[in-house]
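**Student:**
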Amino acid sequence: MGTDEIGTLTALKAHRREIVDPAIATHKGRIVKTTGDGMLVEFASAVDAVTCAVEIQEQMVERAAEGSALRIQFRVGINVGDIIIDGEDIFGDGVNVAARVENECEPGGVYLADDVYRQVRGKIVLTIDDLGERSLKNIERPVRLYAVRSVAFSAGAPARSLSEAGEPLPLPDGPSIAVLPFENMSGDPEQEYFADGMVEDIITGLSHIKWLFVIARHSSFAFKGRSIDVKQVGRELGVRYVLEGSVRKSGDRVRITAQLIDSVTGIHVWAERFDRKYDDIFALQDDVTLSVVGAIEPSLRLAEVDRARRKRPENLTAYDLVLQAHADIHSRMPAQSKRALVLLERALALDPTYALAHAFASQVSVPSCNLLA
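Quick note on numbering: the sequence shown equals residues 0 to 372 in numbering that gives the first Met the number 0.
Printed below as a string of structure tokens:
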């Protein structure tokens with residue numbers, strides 16, 4: 000502002016119009032108020048808030064790389080907490096902590112309070128650094144902070160490709176998926192919008208599956224229009240599963256194909272074809288989205304259980320042990336129940352904080368046997 004007030008304000012408005020506001024709308028956020036160069040935004044879920052923040056920062060890095068002389072960087076702080084609603088405004092300790100977290104954030108970065116970290120861990124593929132506890136101004140208790148680093152940005156640094164990084168991204172412990180843009184095989188530009196909208200809906204639907212890592216739209220759409228190899232996508236995005244498909248329209252009918260592939264082995268996990276009448280485009284998108292998401296969830300569970308069973312016993316992680324125990328958790332047979340409990344106890348020995356293993360262990364019932372002499 001001290002160098003060029005008019006230019007800075009013009010650039011800030013352009014960033015909001017072209018990057019910030021569209022991203023907030025896409026991830027179902029609500030702009031509560033603006034405060035000069037700041038903004039308070041409310042989201043229904045922590046996953047939406049973090050995904051939106053990362054998407055904005057990635058696009059800001061890309062814009063800076065284009066060589067603009069006037070470079071603007073944002074800081075993003077995210078917190079989860081109860082709020083007091085007063086008209087269109089919100090108040091409360093949760094809002095105060097979010098503001099203090101933003102003050103601690105490095106330019107170009109995204110910082111999370113500890114409650115946010117606990118809610119997004121295991122749901123989205125991000126590298127998150129533990130910054131330890133910080134004493135925040137006017138906040139009684141210390142707050143543990145985490146810094147987010149996504150596939151494509153690192154606190155203001157230029158985006159890196161796989162070749163620049165040198166090594167493939169490691170796979171997360173749990174199942175992970177990227178939904179690639181569906182190919183438009185009709186040559187009709189209208190079908191391009193339909194296909195992209197459907198893929199966005201599928202990504203949103205999959206992101207509601209709590210045990211699944213889902214790559215954000217911005218990262219997966221980087222492959223749009225490219226001739227891709229599924230194994231390469233898996234290495235670049237750090238995911239085990241890739242969903243791809245195509246859309247073809249003929250007359251008043253549309254055919255949509257989708258296939259789920261294991262990016263490590265190249266094996267097809269699931270495939271389906273949908274033939275529908277092309278009358279109500281939104282109803283059609285909703286219908287196909289529900290069908291795809293509904294079919295993928297059980298298919299992924301079976302694929303993950305099968306993968307865990309194929310692993311060598313000495314290489315099993317806590318997650319793999321819980322998967323192997325899953326089939327026997329609700330059994331009333333003593334041998335199966337005991338086997339499930341042993342697996343869950345091994346999982347908890349590896350990770351004592353594994354909530355799912357604790358929950359399953361509490362459900363295991365080992366019947367007692369009364370023997371008559």
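All residues carry an ideal CB built from backbone N, CA and C; glycine is no exception.
Could you have a look at residue 332 and say whether DSSP puts it in helix, strand or coil?
**Tutor:** coil
**Student:** Just verifying my parser: in three-state terms, what is the DSSP assignment at residue 72?
**Tutor:** Residue 72 falls in the coil class under three-state DSSP.
**Student:** Between the region 233 to 248 and the region 174 to 185, are three or more C-beta pairs nearer than 8 Å?
**Tutor:** yes
**Student:** Let me make sure I understand the geometry here. Which of 181, 273, 222, 118 has the alpha-carbon closest to that of residue 211?
**Tutor:** Taking each of 181, 273, 222, 118 in turn and checking the Cα distance to residue 211, the smallest one comes out for 118.
**Student:** Find the nearest neighbour of residue 90 within the set 74, 102, 40, 143, judged by alpha-carbon distance.
**Tutor:** 40
**Student:** Would you say residue 138 and residue 95 are within 8 Å of each other, going by their C-beta atoms?
**Tutor:** yes
**Student:** Under a three-way DSSP split, which group does residue 279 fall into?
**Tutor:** coil
**Student:** Could you tell me the alpha carbon to alpha carbon distance between residue 225 and residue 199, rounded to whole angstroms?
**Tutor:** 18 Å
**Student:** What does DSSP give as the partner residues of residue 84 in its beta bridges?
**Tutor:** 89
**Student:** Would you tell me roughly how many angstroms separate the C-alpha atoms of residue 188 and residue 180, rounded to the nearest one?
**Tutor:** It is roughly 14 Å from the alpha-carbon of residue 188 to the alpha-carbon of residue 180.
**Student:** Quick one: which unbroken beta strand (DSSP E) runs of 3-plus residues sit fully inside the region 226 to 295? Chain order, please.
**Tutor:** DSSP runs (the beta strand (DSSP E)) wholly in the region 226 to 295: 240 to 249, 252 to 261, 267 to 276.
**Student:** When the Cβ atoms of the region 49 to 56 are set against those of the region 15 to 22, are three or more pairs found closer than 8 Å?
**Tutor:** yes
**Student:** Under a Cβ-count criterion, where at least 16 other Cβ atoms within 10 Å of its own Cβ denotes burial, should residue 255 be classed as buried or exposed?
**Tutor:** buried
**Student:** Let me check understanding here. Comparing Cα to Cα, which of 120, 105, 35 lies closest to residue 49?
**Tutor:** 120
**Student:** Straight-line CA distance for residue 209 to residue 6?
**Tutor:** 44 Å
**Student:** Applying the 10 Å Cβ sphere with the 16-neighbour rule, what's the burial state of residue 197?
**Tutor:** buried
**Student:** Just to confirm my understanding: we take residue 296, look at its own chain, exclude 5 residues before and 5 after, and list those with CB closer than 7 Å. What are they?
**Tutor:** 208
**Student:** Here's the rule I'm using: 16 or more other beta-carbon atoms within 10 Å means buried, otherwise exposed. How should residue 192 be labelled?
**Tutor:** exposed
**Student:** Span of the alpha helix (DSSP H) holding residue 12?
**Tutor:** 4 to 14
**Student:** Checking 8 Å against the spacing of the C-beta atoms, do residue 103 and residue 133 come in under that value?
**Tutor:** yes
**Student:** Counting pairs of Cβ atoms below 8 Å between the region 241 to 251 and the region 332 to 343, do you hit three or more?
**Tutor:** The region 241 to 251 and the region 332 to 343 do not touch, with fewer than 3 CB-CB distances between them shorter than 8 Å.
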